[in-house]
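Chemist: Structure below; questions to follow.
There are 2 protein chains.
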Amino acid sequence: MMADAAALVAMTLDAVIVAVSQGRPRLLVVDEPGQPPALPSGPLDVERDATLELGLRRWVRSRTGLEVGYVEQLYTFGDRDRRPDAGPQRQVSVGYLALVEETEPPLDARWVDVYALLPWEDQRDPEPGPEEAAIRAALEVWAAQGADADVRRERAERVAVNFGPPWDGIRALERYELLYGAHLLPEWARDTGAPPPGIDTGIALRFDHRRIAATALSRLRGKLTYRPVVFELLPERFSLLELQHTVEALAGITLHKQNFRRLVERSGLVEGTGQRARSQAGRPAELFRFRPSVQRERPRPGVGVPYR
Amino acid sequence: MMADAAALVAMTLDAVIVAVSQGRPRLLVVDEPGQPPALPSGPLDVERDATLELGLRRWVRSRTGLEVGYVEQLYTFGDRDRRPDAGPQRQVSVGYLALVEETEPPLDARWVDVYALLPWEDQRDPEPGPEEAAIRAALEVWAAQGADADVRRERAERVAVNFGPPWDGIRALERYELLYGAHLLPEWARDTGAPPPGIDTGIALRFDHRRIAATALSRLRGKLTYRPVVFELLPERFSLLELQHTVEALAGITLHKQNFRRLVERSGLVEGTGQRARSQAGRPAELFRFRPSVQRERPRPGVGVPYR
DNA sequence: CTAGTTATGCTCACTGGGAGCATTATGAGC
DNA sequence: GCTCATAATGCTCCCAGTGAGCATAACTAG
Numbered sequence: 000m001m002a003d004a005a006a007l008v009a010m011t012l013d014a015v016i017v018a019v020s021q022g023r024p025r026l027l028v029v030d031e032p033g034q035p036p037a038l039p040s041g042p043l044d045v046e047r048d049a050t051l052e053l054g055l056r057r058w059v060r061s062r063t064g065l066e067v068g069y070v071e072q073l074y075t076f077g078d079r080d081r082r083p084d085a086g087p088q089r090q091v092s093v094g095y096l097a098l099v100e101e102t103e104p105p106l107d108a109r110w111v112d113v114y115a116l117l118p119w120e121d122q123r124d125p126e127p128g129p130e131e132a133a134i135r136a137a138l139e140v141w142a143a144q145g146a147d148a149d150v151r152r153e154r155a156e157r158v159a160v161n162f163g164p165p166w167d168g169i170r171a172l173e174r175y176e177l178l179y180g181a182h183l184l185p186e187w188a189r190d191t192g193a194p195p196p197g198i199d200t201g202i203a204l205r206f207d208h209r210r211i212a213a214t215a216l217s218r219l220r221g222k223l224t225y226r227p228v229v230f231e232l233l234p235e236r237f238s239l240l241e242l243q244h245t246v247e248a249l250a251g252i253t254l255h256k257q258n259f260r261r262l263v264e265r266s267g268l269v270e271g272t273g274q275r276a277r278s279q280a281g282r283p284a285e286l287f288r289f290r291p292s293v294q295r296e297r298p299r300p301g302v303g304v305p306y307r
Numbered sequence: 000m001m002a003d004a005a006a007l008v009a010m011t012l013d014a015v016i017v018a019v020s021q022g023r024p025r026l027l028v029v030d031e032p033g034q035p036p037a038l039p040s041g042p043l044d045v046e047r048d049a050t051l052e053l054g055l056r057r058w059v060r061s062r063t064g065l066e067v068g069y070v071e072q073l074y075t076f077g078d079r080d081r082r083p084d085a086g087p088q089r090q091v092s093v094g095y096l097a098l099v100e101e102t103e104p105p106l107d108a109r110w111v112d113v114y115a116l117l118p119w120e121d122q123r124d125p126e127p128g129p130e131e132a133a134i135r136a137a138l139e140v141w142a143a144q145g146a147d148a149d150v151r152r153e154r155a156e157r158v159a160v161n162f163g164p165p166w167d168g169i170r171a172l173e174r175y176e177l178l179y180g181a182h183l184l185p186e187w188a189r190d191t192g193a194p195p196p197g198i199d200t201g202i203a204l205r206f207d208h209r210r211i212a213a214t215a216l217s218r219l220r221g222k223l224t225y226r227p228v229v230f231e232l233l234p235e236r237f238s239l240l241e242l243q244h245t246v247e248a249l250a251g252i253t254l255h256k257q258n259f260r261r262l263v264e265r266s267g268l269v270e271g272t273g274q275r276a277r278s279q280a281g282r283p284a285e286l287f288r289f290r291p292s293v294q295r296e297r298p299r300p301g302v303g304v305p306y307r
């Protein structure tokens, strides 16, 4: 029996390129006339790219001019119906997460607020906005509409688990999938020909790209807690409040200022530079820098995000 | 500019199928005459398999007779040199982790102790065995042989971080990659034509399959701590000691018995059945079963493995 | 009945994190 | 210069989770 029968498929590398600016997480999208925005996507150059990651870096550089720092493979998407435009060839996409410091809007692309795509993921404001309230209400309706009692119970459970309390930021992907399965996203209508949902559920992307973005957010939120990835998104020197705001932007929740400071300082993640930020108002903050040697001391250094 | 130029590649689905029996984690390999053991691997059927995961389930079933329960995509491997036997076509593999309850040895395949592949990952015995001692010694030598002081320091750091203390079970993949990079694995010799390492570093698999196995172990150890995946590996009813031994087998460390019991019972992960195990020696243990509704109550239920 | 073995109950100390009060250092407006 | 608003920073108190170990209960083998 052959151990290595292989299928021929068409593969692209899709990138979720994330930056944080003005307290909001943003990701890069590209526009094509007459189409929803899409994640930047490029091919593997089978001849030149020794690895998938090098392929991604190459075309991101050539296309957007960005030299991405941190890169991490997310997931490989290969559902049959993910690219309805394609022929019989299976369209497989390897999704990547890349982190960059805020920059000029790059060539042929623009930054979009992550929470314009996934509005329910921003829980920094304790009162849910009208969009989120509508989504929660629609989920209740969906749960109550199950065919029989078992289905209704199971739906209600999924809603309760994923939309909390307690809020679990890492469940971003599961929330996206729940909304898709509840037919509350325009993607569902697009993929099935059903009528569009009556409520605003954020900006949809092309193909399954919003799902890939949700995957990236989940992964990034998880990683935040046990690896020092935030610093990829910050300038070399930063105040603790800037650090906190960046973490909060990604995590989608607010944190207790004094405790955050205590945690970060005690963890050895950062060291003071002695420099002060010029202050707008209030006492000027000390500027800190990341202390890479923390990896030697603590096996899993991350900023404390109390997800649970 | 095309947003969707795609490369044609040859894709397989490789499975790390894990079970735990007699206190040892095992994974399934297939043998081909004259070759090292390999992970079971199969093609996507582009016509029939609507998703990659369904494709994996289909060929695992048809080939081994196993109906796998829990399945999770691990990583996609696409390095140019990962399949030196291949022609110009890029050979891409999507690795999956699957968990099954212990079974008869399936068709055309056999169970292999995970720690026969990755002997340094079993830290349940506080004294390192002779193999592990040799590996650690060889790593020290490698670190000391760096070209200049910076390289030596960086190597020593990587060794210290990955081989602890404190021991971090989740770094299994990083340890594998460190050993590969230190030229201590026969795979390095095979891939580069260099002479084989002089020490025993466990059973190598074909291609990059041992790397995929290490990826699976890392992922599984991580998942253990925040999702109730252990129960996929256990019979419906089990004693708390069986549960503990299963966790220890996967985590590669030993746990404090009373505290483990307290943790598991308080977490709501299990419920007593009132039944008793027939005892070999000592007081008979109560049999417990997994309580799925724990997911409603706790957002991230897992058995406590103190990795840090 | 005794020794050996495992299950189970419980205590104690320590730590990390949640919450909030208090103090210090700055800019803006007068 | 004085006062107020605004941040940064320092510190305390409390509690839940957890590491470690002692003590007791319930079996089996002889």
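Chain order of the listed sequences is A and B. Sequential numbering of the first sequence, starting at 0, is according to numbering that gives the first Met the number 0. Sequential numbering of the second sequence, starting at 0, is according to numbering that gives the first Met the number 0. A virtual CB, placed ideally from N, CA and C, is assigned to each residue, including glycine. Bear in mind that the values here come from a model prediction, so they are computed numbers and not experimental data.
Out of curiosity, what's the CA-to-CA distance linking LEU184 of chain A and ALA132 of chain A?
Modeler: Those two C-alpha atoms are separated by around 15 Å.
Chemist: Which of helix, strand or coil does DSSP assign to VAL150 of chain B?
Modeler: The answer is helix: DSSP assigns VAL150 of chain B an H, G or I state.
Chemist: Spatial neighbours of ARG307 of chain A within its chain, please: C-beta separation below 8 Å, excluding the five flanking residues on both sides.
Modeler: With a pLDDT of 48 at ARG307 of chain A, under the threshold of 50, the predicted position of this residue should be treated as unreliable, and no value is reported.
Chemist: Under a Cβ-count criterion, where at least 16 other Cβ atoms within 10 Å of its own Cβ denotes burial, should ARG174 of chain A be classed as buried or exposed?
Modeler: With 16 or more other Cβ atoms within 10 Å, it is buried.
Chemist: Whole angstroms are fine: how far does the CA of ALA203 of chain A sit from the CA of TRP110 of chain A?
Modeler: Cα to Cα, TRP110 of chain A sits roughly 15 Å from ALA203 of chain A.
Chemist: Could you tell me if GLY94 of chain B is buried or exposed, where buried requires 16 or more neighbouring beta carbons within 10 angstroms of its beta carbon?
Modeler: The residue in question, GLY94 of chain B, is buried, as its Cβ has 16 or more Cβ neighbours within 10 Å.
Chemist: So that I know if they touch, is there some Cβ in chain A lying closer than 8 Å to that of ALA4 of chain B?
Modeler: Yes, its Cβ sits closer than 8 Å to a Cβ of chain A.
Chemist: Find the nearest neighbour of ARG154 of chain A within the set A:GLU130, A:GLY180, A:ILE134 and A:GLN34, judged by alpha-carbon distance.
Modeler: Nearest option by C-alpha distance: A:GLY180.
Chemist: Suppose you measure from the CA of GLU285 of chain A to the CA of ALA248 of chain A; what does that come to, to the nearest Å?
Modeler: In a straight line, the C-alpha of GLU285 of chain A is about 21 Å away from that of ALA248 of chain A.
Chemist: Listing by chain order, which chain B residues have their CB less than 9 Å from the CB of GLN320 of chain A?
Modeler: No statement about residue 320 of chain A is possible, as the shown extent of chain A runs from 0 to 307 and does not include it.
Chemist: Out of B:PRO283, B:LEU38 and B:VAL263, point me to the one whose CA is closest to LEU223 of chain B's CA.
Modeler: Per the Cα distances, B:VAL263.
Chemist: So who's on the other strand from ASP112 of chain B, going by DSSP bridges?
Modeler: The partner list for ASP112 of chain B (beta bridge, DSSP) reads B:ARG25.
Chemist: I believe VAL41 of chain B touches THR75 of chain B by the beta-carbon criterion, under 8 Å. Please report the beta-carbon distance rounded to the nearest angstrom.
Modeler: Strictly speaking, residue 41 of chain B in this sequence is Gly, with Val absent from that position. Not really, about 15 Å apart at Cβ, beyond 8 Å.
Chemist: PRO165 of chain A touches chain B at which residues, Cβ-Cβ below 8 Å?
Modeler: Result: PRO298.
Chemist: Taking DSSP's pairing of strands, which residues face VAL99 of chain B in a bridge?
Modeler: Answer by DSSP bridge pairing: none, since VAL99 of chain B is not bridged.
Chemist: Please classify ARG277 of chain A: is it buried, with 16 or more other beta-carbons within 10 angstroms of its beta-carbon, or exposed?
Modeler: The residue is exposed, with fewer than 16 neighbouring Cβ atoms inside 10 Å.
Chemist: Kindly list, in the order they appear in chain B, the residues whose Cβ is closer than 8 Å to that of TYR74 of chain A.
Modeler: In chain order: GLN72.
Chemist: Once DSSP output is grouped into helix, strand and coil, what is the label at ARG81 of chain B?
Modeler: Reduced to three states, the DSSP call for ARG81 of chain B is helix.
Chemist: Using the beta-carbon of each residue, which ones in chain B are nearer than 8 Å to THR11 of chain A?
Modeler: Per Cβ cutoff of 8 Å: ASP3, ALA4, ALA5 and ALA6.
Chemist: I'd like to know whether the C-beta of VAL45 of chain B is nearer than 8 Å to at least one C-beta of chain A.
Modeler: Cβ-Cβ to chain A under 8 Å: yes for VAL45 of chain B.
Chemist: Among B:VAL15, B:THR272 and B:ARG62, which residue has its Cα nearest to the Cα of GLN72 of chain B?
Modeler: When only C-alpha atoms are compared, the closest one is B:VAL15.
Chemist: Taking all protein chains shown into account, decide if ASN161 of chain B is buried (16 or more other Cβ within 10 angstroms of its Cβ) or exposed.
Modeler: Buried.
Chemist: Can you list the residues of chain B that ASP78 of chain A reaches, using a CB-CB cut of under 8 Å?
Modeler: Within chain B, the residues near ASP78 of chain A are ALA49, THR50 and LEU51.
Chemist: Should VAL93 of chain A be flagged as near chain B, meaning a C-beta pair shorter than 8 Å?
Modeler: Yes, VAL93 of chain A lies at the interface with chain B (some Cβ there is under 8 Å from its Cβ).
Chemist: Cβ of PHE289 of chain B within 8 Å of Cβ of PRO227 of chain B?
Modeler: Contact flag set, yes.
Chemist: With three or more C-beta pairs closer than 8 Å as the rule, is the stretch 24-41 of chain B touching the stretch 197-212 of chain B?
Modeler: The stretch 197-212 of chain B vs the stretch 24-41 of chain B: in contact.
Chemist: Leaving out the 5 sequence neighbours to the left and right, which residues in its chain are closer than 6 Å to GLY145 of chain A when beta-carbon positions are compared?
Modeler: So the qualifying residues of the chain are ARG151 and ARG154.
Chemist: Count the other CB atoms, across all protein chains shown, that sit within 10 Å of the CB of GLU186 of chain A; report buried if there are 16 or more and exposed otherwise.
Modeler: When all chains shown are included, GLU186 of chain A counts as buried.
Chemist: Do you know whose CA, among B:ARG157, B:GLN294, B:ARG260 and B:PRO298, lies nearest ARG324 of chain A's CA?
Modeler: Lying before the first or after the last residue shown, residue 324 of chain A is absent from chain A, which here runs from 0 to 307.
Chemist: Less than 6 Å between C-beta atoms, sequence neighbours within five positions excluded: which residues of the same chain meet that for ARG299 of chain A?
Modeler: Closer than 6 Å at the Cβ level, and outside the excluded window around ARG299 of chain A, lie TYR225.
Chemist: Within 10 Å of its beta-carbon, does ARG170 of chain B have 16 or more other beta-carbons around it, so buried, or fewer, so exposed?
Modeler: Label assigned to ARG170 of chain B: buried.
Chemist: For ALA250 of chain B, which residues in the same chain have their Cβ closer than 8 Å to its Cβ, ignoring the five residues on either side in sequence?
Modeler: Contacts found: GLY168, ARG220, LEU223, VAL304 and TYR306.
Chemist: How close, in whole Å, do the beta carbons of VAL29 of chain B and ALA108 of chain B come, if the pair is a contact with beta carbons under 8 Å?
Modeler: Contact holds; Cβ gap of about 5 Å.
Chemist: When the Cβ atoms of the stretch 206-213 of chain B are set against those of the stretch 77-84 of chain B, are three or more pairs found closer than 8 Å?
Modeler: The stretch 206-213 of chain B is in contact with the stretch 77-84 of chain B.
Chemist: Smallest Cα separation from GLY22 of chain B: which of B:ARG275, B:GLN257, B:ARG265 and B:ASP121?
Modeler: Here the closest residue by C-alpha is B:ASP121.
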